[in-house]
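Residue numbers (our numbering): 185 to 427.
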């Protein structure tokens with residue numbers, strides 16, 4: 185029996201390689217395991233444009249539904265991309281959704297997990313994009329216009345990477361330090377920023393989980409302790425896009 189944590193999978197129907205890779209990971213889990221998704225299981229494009237188009241045809245989502253059917257426990261902390269998919273996850277995947285942070289004990293390790301987009305580093309206009317009004321407006325856009333808007337946002341993110349990453353890392357370290365200093369947590373898990381990052385802070389450990397867009401990354405906790413498994417180099421500064 186083990187507890188697994190992932191973040192920023194960004195599933196969508198038009199990215200089958202990513203979905204198949206994540207499905208293979210989920211299929212390797214045991215029915216006695218728990219999987220916690222620390223935000224952004226699905227991409228905003230899926231949330232706004234694809235969730236009503238046979239969503240379980242997505243191998244990653246289908247694998248999660250099978251995992252639950254076999255007895256596995258699935259927890260999801262909705263992030264900035266899937267903030268309005270709580271009901272969808274509960275109905276279609278049998279997930280337990282947790283708004284905000286999750287805290288608990290896994291094999292004697294005190295864990296605090298949060299996606300990270302609400303910790304104070306995001307700009308106000310980013311928060312506006314998580315509103316139900318923006319979701320409805322984006323849903324109503326013709327396909328070509330929606331594509332152009334999404335592409336423009338991606339380019340905007342790319343142009344401000346260094347400043348964005350520096351700002352998030354400061355906030356993340358402060359958050360982790362506060363959790364460690366009051367003796368509340370041994371391990372703080374974060375997402376949102378797509379780099380993988382692992383650092384000892386205040387007698388505990390902070391891990392930024394990384395994304396599944398071009399690889400894989402997860403934390404496993406069992407009777408042997410905490411393992412951070414990733415196929416990419418650990419970052420010393422946050423260099424990849426915040427999406």
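Cβ atoms here follow ideal geometry from the backbone N, Cα and C, with glycine treated the same way.
For residue 374, no alpha helix (DSSP H) encloses it; the enclosing beta strand (DSSP E) starts and ends at 371–374.
If you look at residue 390, you'll find it in the beta strand (DSSP E) that goes 388–393. For residue 312, the enclosing alpha helix (DSSP H) starts and ends at 308–312. A straight line joining the alpha-carbon of residue 233 with that of residue 408 spans about 42 angstroms. Note on geometry: alpha-carbon atoms of residue 351 and residue 240 lie some 37 angstroms from one another. Closest by C-alpha distance to residue 191, out of 314, 226 and 371, is 226.
Shown here for residue 273: same chain residues with a beta carbon closer than 6 angstroms to its own, the five before and five after excluded, namely 260, 279 and 281 in chain order. Bounds of the alpha helix (DSSP H) holding residue 206 are 200–211. Secondary structure note for residue 324: its alpha helix (DSSP H) is the uninterrupted segment 316–324. Measuring C-alpha to C-alpha distances from residue 387 to each of 378, 395 and 371 identifies 371 as the nearest. For residue 255, the CB contacts under 8 angstroms within the same chain, skipping 5 residues up- and downstream, are 215 and 216 in chain order. Annotation: residue 299 to residue 358 spans about 15 angstroms, alpha carbon to alpha carbon. Within 10 angstroms of the beta-carbon of residue 318 lie fewer than 16 other beta-carbons, which makes it exposed. Straight-line measurement puts the Cα of residue 361 at about 31 angstroms from the Cα of residue 209. A distance below 8 angstroms separates the beta carbons of residue 207 and residue 244. Burial check for residue 331: the Cβ neighbour count within 10 Å stays below 16, so the residue is exposed. Ranking 394, 229, 276 and 296 by CA distance to the CA of residue 320 puts 229 first. For residue 250, the closest of 382, 211, 236 and 270 by C-alpha to C-alpha distance is 211. Under the three-state reduction of DSSP output, residue 286 falls in the strand class.
Straight-line spacing of the CA atoms in residue 396 and residue 366 works out to 32 angstroms.
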